[in-house]
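K.L.:
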Amino acid sequence: MKYEDYFDLSYKPAKKDLICEFYLESNGDLKKVSGGVAAESSIGTWTETATMKKYMMNLAAKVFSFRKIGKNAANIKIAYPIDLFEQGNVPDIMSSIAGNVFGMKDVLNLRLNDIKFPSEIVRSFKGPKFGIDGVRRITRVAKRPLIGTIVKPKLGLNSQDHAKVAYSAWLGGCDIVKDDENLSSQKFNRFEERLKETLKLRDKAERETGEKKSYMVNITAETGEMLHRARLAKEYGNEYAMVDIITAGWSSLQTLRNENEKLKLVLHAHRAGHAALDKNLRHGISMKVLARLTRMIGLDQLHVGTAVGKMFETHEDVLENKKVLTENFYGLKRTMPVASGGLQPLMIPELLKIFGNDVILQFGGGIHGHPRGTLSGARACRQALDAAMRRINLKEYSKNHAELREAVEFFG
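Using the numbering used here, you'd call the opening residue of the sequence shown number 160 and step up by one each time.
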């Protein structure tokens, strides 16, 4: 079969087909090159071969939708027969549809914008263990958004000082404290010691506030070590584990999710490195795709952008990412969206408009950068949330709330 044979606008996708939506740029014949993408991601190659058999023809991917954009670009849709893929194997799926095709000489740019999975593939994965409802049950926060912080500075604090920062944040009103994505088990802050010290102060904060407090400890490492750290988190009485999903890789995430059937930890997905794949709107893999895979594998929480902070995504992008995590997906539990990146208390009303109540709002510098420190920063965030939930103007509410007033003056 030639590349052109994989281009068939008369093809009607079967119910079990996996559908990919691509943006394609090429200086060559766009129809031929798009057929090449379908061929090279299914049964074809650059030349006809003597090893091709007739019985393979029903496994050929087909370009069934083609919309040209200007001279050198097109939006295309490719249908892949389900039998091309091993069930329950994300590395296999992505090696096929998002593998060598990005490196083809005739492809100037290629972006995988979305994947529509058939139910048979989705149901071969576990999905979130807890999802939004489970997170709310564990954190004992029934309706409002959860307030979280990331310990700052992101690197350098020893285990004891790290724990003290977490304690101040919990005492001020944070529900959740998270390790930064690049804090693992460095010399100055070893994993097990940090876990132990921080959980001690978590328990103290719970006693003093009467509220449930949670610690998202970063377990990201080589897969075996990552599982060991997850088990340690469980042994020390933690309910959470955080993992950097892009740098850890799909295979390790599936291994962790399988192990989590026994551990029963809430799995928090940090997306460090995602922009290397999704920031260029003409090339790479969209955050929407990464979110689908993350939910399918089974992580309970995922960063999706903010639209109002320091991250690059637009309002529309963030809503699309949120939708992927929360819409009906063949019965899988919903993954909790997380807004994080350059947030401060004055943004909370806008964040509620974007996300509603089912969200974790995470503040780094927006809490620790408060003029009077972490405790006051956490209080300011909680006060801003209280005001927003009651639809009271923050400036008005701040007149009787000192920490929020200082935040308004400092950030506003």
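Here a beta-carbon is modelled for each residue, glycine too, at the ideal position from N, C-alpha and C.
Counting beta carbon pairs with one atom in the region 468 to 475 and one in the region 423 to 432, are three or more of them shorter than 8 Å?
P.N.:
no
K.L.:
So, helix, strand or coil for S343, using DSSP?
P.N.:
coil
K.L.:
Work out the CA separation of L243 and V260 for me, nearest whole Å.
P.N.:
16 Å
K.L.:
What are the partner residues of V425, as DSSP defines its beta bridges?
P.N.:
Y399
K.L.:
Taking the beta carbon of Y214 as the centre, do at least 16 other beta carbons fall within 10 Å, making it buried, or is it exposed?
P.N.:
Around the beta carbon of Y214, fewer than 16 other beta carbons lie within 10 angstroms, which makes this residue exposed.
K.L.:
Per DSSP, what kind of secondary structure is V273 in: helix, strand or coil?
P.N.:
Note that residue 273 corresponds to Asp in the displayed sequence, not to Val. Three-state result, D273: strand.
K.L.:
Alpha carbon to alpha carbon, how far is N552 from Y165? Give it in angstroms, no decimals.
P.N.:
Roughly 58 Å between the two C-alpha positions.
K.L.:
Here's a check: name, in chain order, each residue in its chain whose Cβ is nearer than 7 Å to the Cβ of E509, leaving out the five neighbours to either side.
P.N.:
V467
K.L.:
What residues in its chain sit with their C-beta under 7 Å from that of F225, if we drop five residues either side in the sequence?
P.N.:
L168, K190, S193, A233 and I235.
K.L.:
Nearest by alpha-carbon distance to Y374: which of L305, F570, S185 and K438 is it?
P.N.:
L305
K.L.:
So what's E486 in DSSP terms, helix, strand or just coil?
P.N.:
coil
K.L.:
What number of angstroms, rounded off, separates the C-alpha of R349 from the C-alpha of V483?
P.N.:
CA-to-CA, the gap between R349 and V483 works out to about 36 Å.
K.L.:
If you draw a straight line from the alpha carbon of F223 to that of S535, how long is it in whole angstroms?
P.N.:
57 Å
K.L.:
Anyone know if the C-beta pair for M455 and G293 falls short of 8 Å?
P.N.:
no
K.L.:
Hey, is the region 523 to 538 in contact with the region 319 to 330, meaning 3+ C-beta pairs nearer than 8 Å?
P.N.:
Contact between the region 523 to 538 and the region 319 to 330 is established, with three or more Cβ pairs separated by less than 8 Å.
K.L.:
How long is the line joining the alpha carbons of H427 and K288, rounded to whole angstroms?
P.N.:
So the two alpha carbons sit approximately 11 Å from each other.
K.L.:
Measure the alpha-carbon distance for N317 versus D437 and round it to whole angstroms.
P.N.:
34 Å
K.L.:
Starting from the C-beta of K275, find all residues in its chain whose C-beta is less than 6 Å away, skip the five residues before and the five after it, and write them out in chain order.
P.N.:
I178
K.L.:
If you draw a straight line from the alpha carbon of G571 to that of M506, how long is it in whole angstroms?
P.N.:
10 Å
K.L.:
Output the distance between the C-alpha atoms of R416 and L269, rounded to the nearest integer angstrom.
P.N.:
30 Å
K.L.:
Return yes when the Cβ of G187 is within less than 8 Å of the Cβ of D265, no when it is not.
P.N.:
yes
K.L.:
May I have the straight-line CA-CA distance separating A498 from G307, to the nearest angstrom?
P.N.:
10 Å
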